[in-house]
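See structure below.
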Amino acid sequence: MPETTSLILTLLGPDRPGLVESLASAVASQNGNWVESRMCRLGGQFAGIVRIECPTATAAPLETALRALSGRGLRIELVRESSAPPPTDGALAEIEIVGQDRPGIVHQLSAALAARAVNVEEMRSGCESAPMSGERLFRARFRVRIPKGVSVAALRTEVARVGDDLVADVTFEPGA
């Protein structure tokens with residue numbers, strides 16, 4: 000089996016039909032394998048991150064093909080993935096916070112997590128209308144990895160305190 004290389008690609012550009020196809024075409028042209036991705040339209044921009052594997056012999060031509068998309072109005076960044084596996088020790092948890100939208104929600108919660116060296120592995124957020132009042136609510140979901148030696152109970156208490164300070168509902172589900 001040939002040696003493979005993993006590339007992490009980030010992209011940002013004006014949203015338009017065919018954007019993902021042009022990216023997928025460049026990957027396929029060099030026998031690349033689209034392993035995983037997260038992409039979405041935010042405002043009028045399209046943003047994404049993609050992990051691609053390819054034979055090491057075609058990694059440089061694939062990088063060239065992907066960088067050529069920059070001429071079509073896309074900002075492309077490429078990084079060769081390190082061979083070191085990501086840390087997987089520690090406990091996983093899901094945290095969700097919902098409250099009236101205002102500046103600082105993500106900052107306060109992420110500061111509480113960072114103070115305990117908790118790693119945010121995934122985060123999704125957005126605004127929505129409250130069902131009865133129609134007020135603007137902010138909702139964020141975090142998937143976090145809690146390092147060994149950090150008390151899950153103490154972290155749950157700290158996350159709840161942040162929710163109280165923000166007058167927001169917080170759920171904390173360990174082991175998610």
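Sequential numbering of the sequence shown, starting at 0, is according to numbering that gives the first Met the number 0. Positions of the beta carbon are idealized from the N, C-alpha and C atoms, including for glycine.
Each of Cys39, Thr3 and Ile48 was checked against the Cα of Leu10, and the nearest Cα belongs to Ile48. The beta-bridge partner set that DSSP reports for Asn118 consists of Arg144. Shown here for Glu35: same chain residues with a beta carbon closer than 6 Å to its own, the five before and five after excluded, namely Arg50 in chain order.
Counted as a single uninterrupted DSSP element, the stretch harbouring Ser36 is not any alpha helix (DSSP H) but the beta strand (DSSP E) occupying residues Asn32 to Leu41.
Here the region 1 to 20 lies against the region 67 to 75, with 3 or more beta-carbon pairs under 8 Å apart. By the criterion of a C-beta distance shorter than 6 Å, Met38 is surrounded in its chain by Gly47, once the five residues flanking it on both sides are discounted.
By the Cβ test, the region 124 to 138 is not in contact with the region 53 to 60, since fewer than three Cβ pairs between them sit closer than 8 Å.
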